[in-house]
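Working notes, beginning with the structure itself.
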Amino acid sequence: MFRDWTHSSNDSRDSSPARQNFSNILTTPKVSSSTRTNNLSSNVPPKMVIPIERANEDYHNNHTNLDENNFFQSKTACVTGAGRGIGRAVALRLAQAGCSRVIALGKTEAHLFSLSNEHKNIIPIAVDVSNWVMTKAAIQPYLPIQLLVNNAGVLILNDFHDIHQKDFDISFQTNVRPIIGLTQEITRDLIARNLPGSIVNVSSIASAIAAQKFMVYAGTKACMDAFTRNMANELGLHQIRVNSVQPTVVLTDMGKAAGWENEQQAAPLLAKTPLGRFAELDDVVEPILFLLSNKSSMITGTCLPIDGGPYSRTPESRLSHLINGGLTTIVGILGTDGMTRSLSSLLQKMKSLEHDGITTWMRTGSYRIPIVTLTGSLQQDLILIDKVLGAGELALSDHRSSWPSKSEILQLLSDVRVGGMLSGKPGLIHFHMGSSSTKIDLLWRILNETTIPIRHMYLTHMSSRGDELLEEARKWIKAGGVCDFTADEEKLNETKTIDTLNTSLPTYDSFGHLISYGMSSPELSLKAIQNLVLKYSWPLEEAIQFSIANPATYLNF
Numbered sequence: 001m002f003r004d005w006t007h008s009s010n011d012s013r014d015s016s017p018a019r020q021n022f023s024n025i026l027t028t029p030k031v032s033s034s035t036r037t038n039n040l041s042s043n044v045p046p047k048m049v050i051p052i053e054r055a056n057e058d059y060h061n062n063h064t065n066l067d068e069n070n071f072f073q074s075k076t077a078c079v080t081g082a083g084r085g086i087g088r089a090v091a092l093r094l095a096q097a098g099c100s101r102v103i104a105l106g107k108t109e110a111h112l113f114s115l116s117n118e119h120k121n122i123i124p125i126a127v128d129v130s131n132w133v134m135t136k137a138a139i140q141p142y143l144p145i146q147l148l149v150n151n152a153g154v155l156i157l158n159d160f161h162d163i164h165q166k167d168f169d170i171s172f173q174t175n176v177r178p179i180i181g182l183t184q185e186i187t188r189d190l191i192a193r194n195l196p197g198s199i200v201n202v203s204s205i206a207s208a209i210a211a212q213k214f215m216v217y218a219g220t221k222a223c224m225d226a227f228t229r230n231m232a233n234e235l236g237l238h239q240i241r242v243n244s245v246q247p248t249v250v251l252t253d254m255g256k257a258a259g260w261e262n263e264q265q266a267a268p269l270l271a272k273t274p275l276g277r278f279a280e281l282d283d284v285v286e287p288i289l290f291l292l293s294n295k296s297s298m299i300t301g302t303c304l305p306i307d308g309g310p311y312s313r314t315p316e317s318r319l320s321h322l323i324n325g326g327l328t329t330i331v332g333i334l335g336t337d338g339m340t341r342s343l344s345s346l347l348q349k350m351k352s353l354e355h356d357g358i359t360t361w362m363r364t365g366s367y368r369i370p371i372v373t374l375t376g377s378l379q380q381d382l383i384l385i386d387k388v389l390g391a392g393e394l395a396l397s398d399h400r401s402s403w404p405s406k407s408e409i410l411q412l413l414s415d416v417r418v419g420g421m422l423s424g425k426p427g428l429i430h431f432h433m434g435s436s437s438t439k440i441d442l443l444w445r446i447l448n449e450t451t452i453p454i455r456h457m458y459l460t461h462m463s464s465r466g467d468e469l470l471e472e473a474r475k476w477i478k479a480g481g482v483c484d485f486t487a488d489e490e491k492l493n494e495t496k497t498i499d500t501l502n503t504s505l506p507t508y509d510s511f512g513h514l515i516s517y518g519m520s521s522p523e524l525s526l527k528a529i530q531n532l533v534l535k536y537s538w539p540l541e542e543a544i545q546f547s548i549a550n551p552a553t554y555l556n557f
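The opening position of the sequence shown corresponds to residue 1 in the UniProt record's numbering, with each subsequent residue numbered one higher.
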């Protein structure tokens with residue numbers, strides 16, 4: 001059953017039919033199915049239902065002002081799961097934004113009643129939204145509803161073998177079933193009235209990642225995302241947009257009940273989050289309002305992650321961290337991610353840091369072959385882009401490598417050598433070394449079988465992959481090559497080399513599965529020098545060469 005509260009006689013809402021009791025709601029006339037059929041023009045092919053010119057005219061006639069309050073003003077919105085957490089915050093925010101009525105649906109009368117006291121435009125209705133018949137009857141007096149937020153949800157966590165049918169049924173009944181019934185009723189009415197609308201489904205980042213105990217919950221949210229894409233496809237011709245948001249953990253009552261306030265439980269997920277924190281309510285509410293508004297009028301079928309950034313990406317370098325590490329010159333690289341990060345963004349970052357007083361350079365490419373470039377050619381990047389010194393990090397003997405052939409490496413070395421000669425730059429390939437048994441065998445073959453000088457091959461992570469690779473580093477240095485060693489490791493005491501900084505530090509389990517990403521700090525450079533002097537009694541003028549003379553000489557600075 002559901003309940004719609006009426007207010008005292010001095011409340012201006014009492015005179016509206018929309019504020020009447022349960023019996024009056026049931027007798028409110030509905031739009032007949034025949035009328036809906038006629039208005040849908042069912043005998044016309046789907047793509048001819050609304051001509052494009054008319055669709056655009058109809059849409060913009062109803063979205064004429066970009067001002068937030070004017071857009072939401074006079075519109076009726078509906079929010080499910082409105083008693084607490086995200087739903088409550090969204091309902092209140094919509095009322096504050098100017099909606100004339102916000103239908104707040106939920107199960108708990110006390111929560112809804114307290115919400116209605118916070119704003120006069122909020123109309124609370126206690127109803128089980130998984131019951132289509134009761135929910136449709138509850139919202140009927142308030143149609144048309146042009147804004148809908150499907151937020152009702154329950155979180156039940158179990159290991160796979162502890163999942164019971166009851167928990168499964170409750171999860172899908174609460175998280176999935178309401179979306180269809182409620183959205184059907186609201187959109188049928190909008191189509192019959194030839195009105196546009198906007199729908200946001202509140203999903204979860206759990207739909208996109210794997211996490212212990214989240215199987216059923218993640219399944220319900222994956223369904224929600226699939227519904228979002230398919231509803232957007234079917235309703236788009238009627239100018240009804242459908243999107244979803246995928247929040248990470250939000251410390252609402254539900255989030256706290258799931259144990260996310262526990263530091264031990266939260267630590268692994270926070271380690272995968274570049275922003276290093278969970279979401280606040282406003283972090284979720286504001287994107288929902290954006291997707292509801294005409295500011296996103298060309299966005300539909302989108303599932304928007306609100307997760308603090310992809311977990312396998314490290315945050316960009318910060319000026320303060322570089323300065324704290326005593327670094328005044330840096331070389332930027334993409335690293336692992338050559339897909340969602342771009343060289344153009346990296347170039348702009350280098351220019352930004354240079355504007356702030358840091359001398360900057362960069363390398364074209366990433367871990368894999370074929371390498372990404374700015375101009376379509378490694379040689380052209382070197383010649384035409386002042387800041388490009390070479391290519392890299394190109395991964396070798398690493399599980400993230402594309403396992404390039406000898407001929408592929410030779411081609412790149414030839415390009416970088418000629419490009420360097422024509423541009424007056426050192427022309428280097430920066431090789432990211434992994435822990436595979438192949439070590440640097442491919443580079444030794446190239447060195448022994450061709451006339452490519454060793455100085456064009458720049459090896460990194462040589463001290464953190466085991467003693468065998470460390471021994472290879474000794475041989476490489478004796479042959480005239482240059483290697484990077486990891487800063488702040490004891491092996492720095494053994495040879496005069498140093499590793500790149502501000503890099504990702506991934507952690508893997510015994511099966512090779514990625515557990516988390518951390519990030520080394522540029523400050524490790526300074527700490528490494530301090531350790532060499534204070535712990536190993538190196539003369540300061542020798543230890544400091546790691547960050548001054550050695551890289552400057554090699555890079556022709």
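Idealized CB from N, CA, C, for every residue including glycine.
- Distance between Met462 and Ala104, taken at the CA atoms: about 60 Å.
- Comparing C-alpha distances from Thr300 to each of Gln348, Leu459, Asp167, Arg229 shows the shortest one belongs to Arg229.
- Close CB contacts of Val418 within its chain, under the 7 Å cut and outside five residues either way in sequence, are with Gln379 (chain order).
- The C-beta of Pro539 has fewer than 16 other C-beta atoms within 10 Å across all chains shown, which makes the residue exposed.
- Counted as a single uninterrupted DSSP element, the alpha helix (DSSP H) harbouring Thr187 occupies residues 177-193.
- Listed in chain order, the non-local C-beta contacts of Asp307 below 6 Å within the same chain comprise Ile205, Thr248, local neighbours out to five positions each way being set aside.
- Remark: fewer than three beta-carbon pairs, one from each stretch, lie closer than 8 Å, so the region 230-241 and the region 269-283 are not flagged as touching.
- Selection Gly424, Val200, Lys295 evaluated against Val388 yields Gly424 as nearest (Cα-Cα).
- Distance from the CA of Ser114 to the CA of Phe72, rounded to the nearest whole angstrom, comes to 23 Å.
- Cβ neighbours of Arg400 within its own chain (closer than 7 Å, five residues either side excluded): Thr336, Tyr367.
- If you ignore the 5 residues before and after Ala91, its C-beta comes within less than 7 Å of the C-beta of Val79, Ala82, Val102, Ala104, Leu115, Ile122, all in its own chain and listed in chain order.
- Contact between Phe172 and Thr220 holds: their C-beta atoms lie close to 6 Å from each other, under 8 Å.
- The region 404-412 makes contact with the region 434-452, as at least three CB pairs between them are under 8 Å.
- By alpha-carbon distance to Gly181, the top candidate from Asn131, Arg84, Glu118 is Asn131.
- Exclusion of the five residues before and after Lys351 leaves no residue of its chain whose Cβ lies closer than 6 Å to its Cβ.
- Looking at the DSSP output, Pro305 shares a beta bridge with Gln246.
- Membership of Ile529 in the alpha helix (DSSP H) is indicated by the continuous run 523-534.
- With 16 or more other CB atoms across the displayed protein chains lying within 10 angstroms of its CB, Ala138 is buried.
- Around the CB of Glu280, fewer than 16 other CB atoms lie within 10 Å, so the residue is classed as exposed.
- Around the C-beta of Ala152, 16 or more other C-beta atoms lie within 10 Å, and the residue is accordingly described as buried.
- Sequence-distant Cβ neighbours of Leu422 in its own chain, meaning closer than 7 Å and more than five residues away, are Ile383.
- Here Phe431 carries a strand assignment [DSSP, helix/strand/coil].
- In the DSSP annotation of this structure, Tyr554 is not part of any beta strand (DSSP E); the continuous alpha helix (DSSP H) holding it starts and ends at 549-554.
- In the three-state scheme derived from DSSP, where H, G and I count as helix and E and B as strand, Glu393 is classed as strand.
- Residue environment for Gly106: buried (at least 16 other C-beta atoms within 10 angstroms of its C-beta).
- Annotation for Cys78: the continuous beta strand (DSSP E) segment containing it runs 76-80.
- Residue pairing of Thr460 in beta bridges, as defined by DSSP: His432.
- Only buried fits Asp189, as 16 or more other CB atoms lie within 10 angstroms of its CB.
- Uninterrupted alpha helix (DSSP H) stretches at least 4 residues long and entirely within the region 348-415 occur at 378-384, given in chain order.
- Taking the Cα of Gly87 as reference, the smallest distance to any Cα among Ala528, Asp282, Phe431 is reached at Asp282.
- Classified as exposed, Val133 has fewer than 16 neighbouring CB atoms from the shown chains inside 10 Å of its CB.
- Note that the C-beta distance between Ala395 and Ser402 is below 9 Å.
- Counting along the chain, the unbroken beta strand (DSSP E) around Gly106 starts and ends at 101-106.
- In the displayed model, Ala208 falls within coil according to three-state DSSP, outside both helix and strand.
- Taking the CA atoms as reference points, Thr108 sits about 6 Å from Ala126.
- With 16 or more other Cβ atoms from the protein chains shown falling within 10 Å of its own Cβ, Pro178 counts as buried.
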